[in-house]
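Asker:
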Amino acid sequence: MQDTEPARAGGRLTPADYERNFSDLHPPLQKHEAAVEADRCYFCYDAPCMTACPTAIDIPLFIRQISTGNATGAAKTILDQNILGGMCARVCPTETLCQEACVRNTAEEKPVEIGLLQRYATDTVMAEGTQFYARAAATGKKVAVIGAGPAGLACAHKLSMAGHDVVIFEAKAKAGGLNEYGLAAYKTTGDFAQREIEYLLEIGGIEIRNNMALGRDFALGDLSRDYDAVFIGIGLGGVNALGIPGEDLDGCENAVDFIETLRQADDKAAVKVGSHVVVLGGGMTAIDAAVQAKLLGAAEVTLCYRRGAEAMGASAFEQELAAAKGVFIRHYLAPKEILGENGAVSGVLFDNTAIENGKLIVTGDTGIIAADHVLKAIGQTFVADHLDGVKLEGGRIAVDEDGLTSLAGVYAGGDCIKRGEDLTVTSVAQGRDAAIAINKMLASEAHASAVA
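Shown next, in the form of structure tokens:
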């Protein structure tokens, strides 16, 4: 009988295994497939899918355009609202946003594959090199953007369209934020994050200065003095600690760091992964880390969460994906201690938990899961360092409806503010809308100056 197990080399997988494991999670639609899928749309006049989209893309319109063979027009409809529409098509939790709202999403039918159709349209124009946007006449105004993540990039593009010059200060070596460093490799293959940024930058008027960190290389006050406006899009710079013994053992690391290492690795075989991996957490980062640990060749991956499946931050689709990839998901387990031998992780001691009168309690029972690699994915935190004078609210930057902070001329958006879900698409919407507000502010100042 033929052996169906993938070939192993040095205890890990072969190059062919890695290529297969980290190929597109959802392969792109071909032209005929896109036309067939587009024909499933009812083109609802009140479009619940559009209401569910944080960037308010006219979904029925772009799907109708695809159905008539106008993929270029569909892409413009998408990019007019979401300049990072290609990435959002890949990573948006469409199953809980537009596709959940689709009227075809019933017990008898599946929703229209809106995400795949959006990818088909945006990929088409990027492959063709079609560029829809040009800068307005130069205004002479300069805007500083801190952070080259989705919010900062969307803000910069919109400001450049209005004729303003934009300089983005990015702490890391590459632009993109979580799109570049924090997403599962099988969701964004082929260095797509950088290709999309290159497409966005074709408009001109945007300069990205990498390896420039707030507080180390420049101060917020410097930017407020030297630029006509500032946008802060620094995301969440910290990660939560477990606060239990053993976190400093070799083999215990943050899932965010693990994912970043994998995303930037030229050779996936060189990425360290244990044989028996335990992932702590229940959100998207936990799922991404667990699935990728399995795809890297871990013999056993167990994801542990202190509550039930219904309370997990990861969608039902993502939980099912993890299970399908061979990840064991265990609920009602709270880590009590990371166990070790000779300075390295050997297991995790858990308290069993339960819900009693609506509250999470510890039952008194404990158990151990053997592990040589522990990935912590219990949430990220906002780091408020070097934001002198910026008011915080709920642990993040406080802003008004336009994204304006407590400092005049300083705006913020993305994960560093607490408004909506911490999603790429939400960050794009907030960066775009802040840019509109900044443009109005600069225009009113210019008008007042001209009148005076």
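Under this note's numbering, think of the first position of the sequence shown as -16, with each following residue one higher. The beta-carbon is built from N, C-alpha and C at its ideal position, and this holds for glycine as well.
1. Is it true that the region -7 to 4 meets the region 274 to 287, where meeting means three or more beta-carbon pairs spaced less than 8 Å apart?
2. Below 8 Å on the Cβ atoms is my contact criterion, and I expect Ile380 with Ile129 to pass it. Report the Cβ-Cβ distance as a whole number of Å.
3. From the DSSP secondary-structure annotation, give me the bridge partner or partners of Arg73.
4. When every heavy atom of the ligand ZN is checked, does at least one fall within less than 6 Å of the C-beta of Glu428?
5. Between Gly188 and Phe241, what straight-line distance do the alpha-carbon atoms span, to the nearest angstrom?
6. Is the beta carbon of Ala104 less than 7 Å from the beta carbon of Ala57?
7. Look up Phe115 in the DSSP assignment and say whether it is helix, strand or coil.
8. Keeping to the same chain, check which residues put their C-beta closer than 7 Å to that of Gly403; ignore five residues upstream and five downstream.
9. Between the region 309 to 329 and the region 192 to 210, do at least 3 Cβ pairs fall closer than 8 Å?
10. For Leu375 versus Ala367, is the C-beta distance shorter than 7 Å?
11. Would you decide whether Asp209 is buried or exposed? Buried here means 16 or more other CB atoms lie within 10 Å of its CB.
12. Counting along the chain, where does the alpha helix (DSSP H) carrying Ile42 start and finish?
13. Ends of the beta strand (DSSP E) at Asn335?
14. In or out: Lys93 buried (at least 16 other Cβ within 10 Å) or exposed?
15. Does the beta-carbon distance from Ala176 to Glu163 come in below 7 Å?
16. Could you spell out where the beta strand (DSSP E) holding Leu263 opens and where it closes?
17. Gln82 to Met33, Cα distance in whole Å?
18. To which residues of the same chain is Gly377 closer than 7 Å at the C-beta, ignoring the five residues directly before and after it?
19. My guess is that Glu190 and Val150 are in contact by the Cβ rule of under 8 Å, so how many angstroms apart are they, rounded?
20. Less than 6 Å between C-beta atoms, sequence neighbours within five positions excluded: which residues of the same chain meet that for Pro76?
21. Quick check: the Cα distance between Ala110 and Tyr182, rounded to an integer number of angstroms?
22. Where does Lys423 fall in DSSP's three states?
23. Run through DSSP, which three-state label would Gln363 get?
24. Among the candidates Gln363, Thr364, Tyr315, whose CA atom is the shortest distance from the CA of Asp348?
25. Measuring straight from C-alpha to C-alpha, what distance separates Met443 and Val393?
26. Only counting the same chain, and skipping five residues up and downstream in sequence, which positions put a Cβ closer than 6 Å to that of Phe26?
27. Going by DSSP, name the residue or residues bridged to Leu387.
28. Going by C-alpha to C-alpha distance, which of Ile186, Leu142, Ala307, Leu166 sits closest to Thr113?
29. Taking 7 Å as the threshold (C-beta atoms), are Ala354 and Gly330 in contact?
30. Does the Cβ of Pro10 have 16 or more other Cβ atoms within 10 Å, making it buried, or fewer, making it exposed?
31. What does a CB cutoff of less than 7 Å around Ala156 pick up in its chain, not counting 5 residues either side in sequence?
32. For Phe241, report the span of its alpha helix (DSSP H) as first-last.
33. Is the CB-CB distance between Lys59 and Phe115 below 7 Å?
34. Considering only residues of the same chain and omitting the five flanking positions on each side of Cys85, which have a CB-CB separation below 8 Å?
35. Provide the residue span of the alpha helix (DSSP H) that contains Cys27, from first to last.
36. Using only the alpha-carbon positions, how far apart do Lys485 and Ala224 sit?
Answerer: From the atom records:
1. Yes: at least three Cβ pairs fall under 8 Å.
2. Contact flag wrong, Cβ pair sits at about 11 Å.
3. Partner residues in a beta bridge of Arg73, as assigned by DSSP, do not exist.
4. Looking for the ligand ZN in the displayed structure turns up nothing, as the structure carries no ligands at all.
5. Take the alpha-carbon of Gly188 and the one of Phe241: they are about 35 Å apart.
6. Yes; because the gap between Cβ atoms is below 7 Å, this pair is in contact.
7. In this structure, Phe115 counts as coil in the three-state DSSP scheme.
8. Taken in chain order, the residues that qualify are Pro37, Thr409.
9. By the Cβ test, the region 309 to 329 is not in contact with the region 192 to 210, since fewer than three Cβ pairs between them sit closer than 8 Å.
10. Taking 7 Å as the Cβ cut-off, Leu375 and Ala367 qualify as a contacting pair.
11. Counting the other CB atoms within 10 Å of its CB gives Asp209 a total below 16, which places it among the exposed residues.
12. Residue range 42 to 50 is occupied by the alpha helix (DSSP H) that includes Ile42.
13. Boundaries of the beta strand (DSSP E) around Asn335: 327 to 339.
14. Answer is exposed; the Cβ neighbour count stays below 16.
15. Yes; because the gap between Cβ atoms is below 7 Å, this pair is in contact.
16. Looking at the DSSP string, the run of the beta strand (DSSP E) that includes Leu263 is 259 to 263.
17. Using only the alpha carbons, I get a separation of about 10 Å.
18. Same-chain partners within the cutoff: Lys401.
19. The pair is a contact, with the Cβ atoms about 5 Å apart (cut-off 8 Å).
20. Listed in chain order, the non-local C-beta contacts of Pro76 below 6 Å within the same chain comprise Ser298, local neighbours out to five positions each way being set aside.
21. When rounded, the distance between both Cα atoms is 10 Å.
22. Look at Lys423 here: in three-state DSSP terms it is helix.
23. Reduced to three states, the DSSP call for Gln363 is strand.
24. Of the candidates Gln363, Thr364, Tyr315, Tyr315 places its Cα closest to the Cα of Asp348.
25. Examination of residue 443 is not possible in this model, given that the chain is present from -16 through 435 alone.
26. Correct list, in chain order: Pro43, Arg47.
27. Paired residue(s): Tyr394.
28. The option with the nearest alpha carbon to Thr113 is Ile186.
29. In this structure, Gly330 places its C-beta atom within 7 Å of the C-beta atom of Ala354.
30. Exposed.
31. Hits under 7 Å: Asn193, Asn194.
32. The continuous alpha helix (DSSP H) containing Phe241 extends over residues 238 to 247.
33. If you check the CB distance, Lys59 and Phe115 come in under 7 Å.
34. Hits under 8 Å: Pro31, Cys32, Pro94, Val95, Ile97.
35. Counted as a single uninterrupted DSSP element, the stretch harbouring Cys27 is not any alpha helix (DSSP H), since DSSP gives it neither H nor E.
36. For residue 485 there is no data in the structure shown, the boundaries of the chain being -16 and 435.
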